[in-house]
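Colleague: For the sequence shown, the residue numbers in our numbering are 1288 to 2186. For each residue, glycine too, the CB sits at the ideal point set by N, CA and C. Predicted, not measured: the structure shown is a model, and the values here were computed from it. Would you mind keeping the following structure in view while I ask a few things?
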Amino acid sequence: MPPYNARSGENRRKAHRALLIGVDRYEHLGRLPSVPRNLELMKEALTAEGSGVFDPDEVRVLLDPRGRHTVDAALSKAAEEAEGLLVVYFVGHGQVDTYGRNFHLMVAGSKVTRDKSHPFSNALAWHKDVMHWLWESEAEHIVVILDCCYAGNALKELDLNPEKRFALFAAIREGAEIPVARSAGGTRFTREIHRVLTEEPAEGGPLRGGDVLLAQLDTRVREALAGLKAYDGQDWIPVEFHQGDDVVLALGQGEGEGEGADSRYEREPKPDFVPEHDPGAVPHDAFPPRFRNRLWRRRGVRRSLVPLLVLALLGTAGVIVRNLLPGGGGGGCAPSMELRVLTDPDLRATVQKAANAYTKRNPRACRRIGITVYEAKETDAVAAFQGSKAWQSPDGECPASGACFRPQRDLGAQPDIWIPAADSTWRRAQDTSAAASGTGTAARAGSVVSFDWLGPLAFTPMVLAVPDGLSLPPALQTGSPLSGLVSELRSSEPAASVLRSDPEITDGALLATTALYPPTGTAQPSELEQGMAGQLTPMPGTASELMCALAASSENTLEDRAAVLIPEQTMAQFNLRPGDKGRQSCAKDTLSARTAWYPSDVPMLDLPFVHVTWKGAERDAAVRKRAVEDFYRWLTKDVSAQRVFTEDGFRGVTSDRTPAPPDEHSLLKVSANTRAVHADALPPTGPRVTSAVQTDTLRRYREALGPGRVLYLLDTSTSMADKRVLDGSGRAKDLVSRSMNSLGAKDEYGVRSLAPASRKSRPDVVPFGRNDRAAAQRKVDAVKPVNTDARVATGLREALADLRGGPAELDPPRLLVLVTDDEDSAAIKGAALASLVKEAKKAPRVRVVVVSLQGGGCTSGELNRQLTAATGGRCLDPSVDLAKELQAEVAKTGTGDAE
């Protein structure tokens, strides 16, 4: 069969898609500085004038996606839209488990755990996640290119669909790792792909010779890499596979032109490379001349104009030609001034749209201002501004692990503009004395940064988005504190869950968390956070990721019974119905029926526009200031600019800097939202919170999910030995020992025998406190059965009291694990059982997990059922994989997997 050509006559009008995914910043893995350049090279190769098989608007570039759900959503969207050719490219870390299996693509929040059955957290499983969406696609031909370690393992784990035309090009063969490229110039594998797909004569134009097929690309890249070594000394050998006919990846012309190619196919001028997140944007003059020429052609000067300009040069004065040429001469546009905009992760998509609209206002003229938009987690942005000297000139040495915070490396270049979600955030980044002066400008003592607040860009309140299937009194929809709404939901029948994204990531989540932790109240942070972690782990980073995680939840009822704390505009987007413009690709119908409840104690998100200036950067300060102010005026005064925000569900800004009523273009006016939100007037929300309150909230949050306290109660009575459930693989001692793999050096834990040799002997098998895990496991393995009954009730009361001890200001997560055969638990009934359950319910909360080694112990055992239900715990019996499930339960409290 002839090769598949996306630009042949029969395929030209079909929808083609390319998704380019790159991850260069990881929380738990090494950084990959070459990734941003790789994405530029791949987009250049796929869209190059004359030879590229894609139009620019058919290519989506995703840099540093925060969480697997973001990639999942992008994959599903590309797979759904592609009719002809679908290309998926990934550059970042690839990982396999200790057995060389379970190939995963790692994203920003991914980490490697010690759980052999679940070796990776928040990563994309090649077989389950990536291939699932590829096989769902109706695309006629699918090509995957992987530039990561263990890329060849993808071929090993390929579950082929014989009906699909599919190709895979992996950077390296199975089981091998790629040496990390330390420069920002791109990886060797991707550079060679770019070279092969874009080789052209010096005067420019399509490729010499024929089309480049995937098999030819493999041969030429393999030849270029011959002699290079992989990380462990193996030969560096790429792997190529295709099922069905080959595929054209670059068009040629001349005698070798491929069958079906159409060299007369005319492309629109290609826009500048604008990734969805690019904190390390490369300036125009950093490109080699060859690429600058291409960028010039992309900025609106088509080939057809060149002869006209030459004639003008021959017949008129040179100055006329210079005026005709973009940039006033020199054969191209002059480099534009680059403004760097740092924003909140919940806002990045909308701010990027606004920045793109601003820079493309006059497509025929040279671009005077370029804008790079990048995001940073809320706590990192504040810390970086508070320690601004390190942002401008890092000093000191990082430890060998690289575990130090360096803004230039971890966030990007110093911003000119900061757009957090809330006014309180930029004020928290200032010196308190300057903030108190009310001048709107601050310069911290010893700081190199100054802030100038220009005003809000748009507004959106934080809401509790409640599924319509849950019942709340209508009178509480406005004017009620968040804690009251949460209490109502938790006491409803059936009980509802309340979820929120990570408060260290976004401003909105932090403000909501401040209201969740009132100074007084029965709900402790550890109880709230453990409840959330028990429903959804890992905690999503943004409001959109939270909603996507709900949609992808393996527990089908969670999306129906979970109220979520998110910005109103996010709820408005996810309320849209299929076919509505702006509906998120991961949305499901069951997510759309939600109503906004407006807590009275959560401040409004007002998207402050803050001009940031730096000492030592005064050379073009005046020009840069004018550019910043012009951008702000356009954002707040221009109708088309405000429409960018209102079409995404935000409320606009009036002349007196207050929220504007939604107009006919607002997402809040769409029929799916008119009933769900207060479209015409915002109910009053909480006042600005202080820096001290927010700092305290973060402290309490970290303690609630920080090092935990776990106490095991191990039944070592005669019956355990008689029933042969104490010793051996998968039995009591082994279960306790294996679950300790979820505990870390900072966790406090211990193991007690419920059947001590005598009433005077110590019940401690492992003393409670911080322990060496291996030594603790050896002590558990050495336990012998005792010829006596288990003291279950006494052991439970003492354990609950001990777990609740410690400094009053600390509120760590607490877990009590009871491992028993139920024989001595059965006698606890009536008043004795009620008293014990009442004791377990006391604050601070201790979650109880019961491991019943008796078949059906979770249905027949009254103590097991009542104790776990009263504490939000869980009962495990032989109907489930006890080892796996107990380790997962301990992991919710321990920190071992995160270390």
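#1: How would you write the range of the beta strand (DSSP E) that residue 1784 sits in, first residue to last?
#2: According to the neighbour-count rule (16 or more other Cβ atoms, all chains shown, within 10 Å of its Cβ), is residue 1952 buried or exposed?
#3: From which residue to which residue does the beta strand (DSSP E) around residue 1259 run?
#4: Under a CB-based cut-off of 8 Å, is residue 2113 close to chain B?
#5: Which partner residues of residue 2129 appear in the DSSP bridge assignment?
#6: Indicate the three-state DSSP secondary structure (helix, strand or coil) for residue 1672 in the structure shown.
#7: Kindly indicate which three-state DSSP category residue 1467 falls into: helix, strand or coil?
#8: In whole angstroms, what separates the C-alpha of residue 2187 from that of residue 1934?
#9: May I ask which residues mark the beginning and end of the beta strand (DSSP E) holding residue 2156?
#10: Measuring straight from C-alpha to C-alpha, what distance separates residue 2106 and residue 1408?
#11: Just to confirm before moving on: does the CB-CB distance between residue 2111 and residue 2141 stay below 8 Å?
#12: As a quick exercise: from 2136, 2152 and 2103, pick the residue whose alpha carbon is nearest that of residue 2055.
#13: Mapping DSSP to helix, strand and coil, what is residue 1398?
#14: My guess is that residue 2035 and residue 2057 are in contact by the Cβ rule of under 8 Å, so how many angstroms apart are they, rounded?
#15: Are there 16 or more other CB atoms within 10 angstroms of the CB of residue 1961, so buried, or fewer, so exposed?
#16: Only counting runs of 4 or more residues, tell me where the alpha helix (DSSP H) segments fall wholly within the stretch 1629 to 1672, in order along the chain.
#17: Could you check whether residue 1531 and residue 1452 sit closer than 8 Å to each other, using their CB atoms as the reference points?
#18: Am I right that residue 2007 and residue 2072 are in contact with their C-beta atoms under 8 Å? What's the rounded C-beta distance?
#19: Report the residue from 1347, 1770 and 1293 whose alpha carbon sits nearest the alpha carbon of residue 1339.
#20: Buried or exposed for residue 1289, going by 16 or more other Cβ atoms inside 10 Å?
#21: What are the uninterrupted segments assigned as beta strand (DSSP E) that are 3 or more residues long and contained completely in the stretch 1337 to 1368, given in chain order?
#22: With DSSP as the reference, label residue 2040 as helix, strand or coil.
#23: Secondary structure at residue 1886, three-state DSSP: helix, strand or coil?
#24: Mind the definition here: the stretch 1300 to 1307 touches the stretch 1344 to 1358 only if three or more C-beta pairs lie below 8 Å; say whether that holds.
#25: Provide the residue(s) that pair with residue 1892 in DSSP beta bridges, ordered along the chain.
#26: Going by alpha carbons, who is nearest to residue 1864 out of 1880, 1745, 1850 and 2123?
#27: Which of the three DSSP states is assigned to residue 1390 in this structure?
#28: By the 10 Å Cβ neighbour count, where 16 or more other Cβ atoms means buried, how is residue 1702 classified, buried or exposed?
#29: To which residues of the same chain is residue 1473 closer than 6 Å at the C-beta, ignoring the five residues directly before and after it?
#30: Using the Cα positions of residue 1899 and residue 1942, report the straight-line distance between them to the nearest angstrom.
#31: In chain order, what residues of the same chain have a beta carbon less than 7 Å from the beta carbon of residue 1592, not counting five sequence neighbours either side?
#32: Candidates 1916, 2061, 1835 and 2170: which alpha carbon is nearest residue 1364's?
#33: Can you confirm whether the stretch 1890 to 1909 touches the stretch 1705 to 1715 when touching is taken to mean that 3 or more C-beta pairs between the two stretches lie within less than 8 Å?
#34: Spatial neighbours of residue 2169 within its chain, please: CB distance less than 7 Å, with the 5 preceding and 5 following residues excluded, ordered by chain position.
#35: According to DSSP, simplified to helix, strand and coil, what is residue 1624?
#36: From residue 1426 to residue 1360, what distance separates their C-alpha atoms?
Modeller: Based on what the coordinates show:
#1: It spans 1784 to 1787 - the beta strand (DSSP E) in which residue 1784 sits, taken as one unbroken run.
#2: With fewer than 16 other Cβ atoms within 10 Å, it is exposed.
#3: The displayed coordinates of the chain run from 1288 to 2186. Any statement about residue 1259 would go beyond what the structure contains.
#4: No chain B is present in this structure, which holds just one protein chain.
#5: Residue 2129 pairs with nothing; no bridge assigned.
#6: Secondary structure of residue 1672 (DSSP, three-state): helix.
#7: The answer is coil: DSSP assigns residue 1467 none of H, G, I, E or B.
#8: With the chain covering only 1288 through 2186, there is no way to say anything about residue 2187.
#9: Unbroken run through residue 2156 is the alpha helix (DSSP H), 2149 to 2158; no beta strand (DSSP E).
#10: The alpha-carbon atoms of residue 2106 and residue 1408 are separated by roughly 27 Å.
#11: No, these two residues do not count as a Cβ contact at 8 Å.
#12: Comparing Cα positions, the closest option is 2103.
#13: Three-state DSSP puts residue 1398 in a strand.
#14: Yes, residue 2035 and residue 2057 are in contact; Cβ-Cβ is about 6 Å, under 8 Å.
#15: So residue 1961 ends up on the exposed side.
#16: Qualifying alpha helix (DSSP H) stretches, in chain order: 1635 to 1646.
#17: Taking 8 Å as the Cβ cut-off, residue 1452 and residue 1531 qualify as a contacting pair.
#18: About 6 Å separates the two Cβ atoms, so the contact holds.
#19: Proximity to residue 1339 across 1347, 1770 and 1293 peaks at 1293, based on C-alpha coordinates.
#20: Result: exposed.
#21: Look at the stretch 1337 to 1368 and you find these whole runs of beta strand (DSSP E), each 3 residues long or longer: 1346 to 1350.
#22: Correct three-state label for residue 2040: strand.
#23: In the three-state reduction of the DSSP assignment, residue 1886 falls in the coil class.
#24: Segments in contact, yes.
#25: For residue 1892, the beta-bridge partners assigned by DSSP are 1747.
#26: Of the candidates 1880, 1745, 1850 and 2123, the one whose C-alpha sits nearest the C-alpha of residue 1864 is 1880.
#27: Correct three-state label for residue 1390: coil.
#28: By the 10 Å Cβ count, residue 1702 comes out buried.
#29: Cβ neighbours of residue 1473 beyond the five flanking positions: 1321, 1324, 1325 and 1328.
#30: CA-CA distance, residue 1899 to residue 1942, rounds to 24 Å.
#31: Confidence in residue 1592 is poor, its pLDDT being 37 and thus under 50, which makes the residue's placement unreliable; the coordinate value appears in the next sentence. Result list for residue 1592: empty, nothing under 7 Å.
#32: Cα-wise, what sits closest to residue 1364 is 1835.
#33: Result yes; three or more Cβ-Cβ pairs closer than 8 Å.
#34: Result list for residue 2169: 2017, 2022, 2138 and 2163, in chain order.
#35: Strand, per DSSP.
#36: C-alpha separation (whole angstroms): 17 Å.
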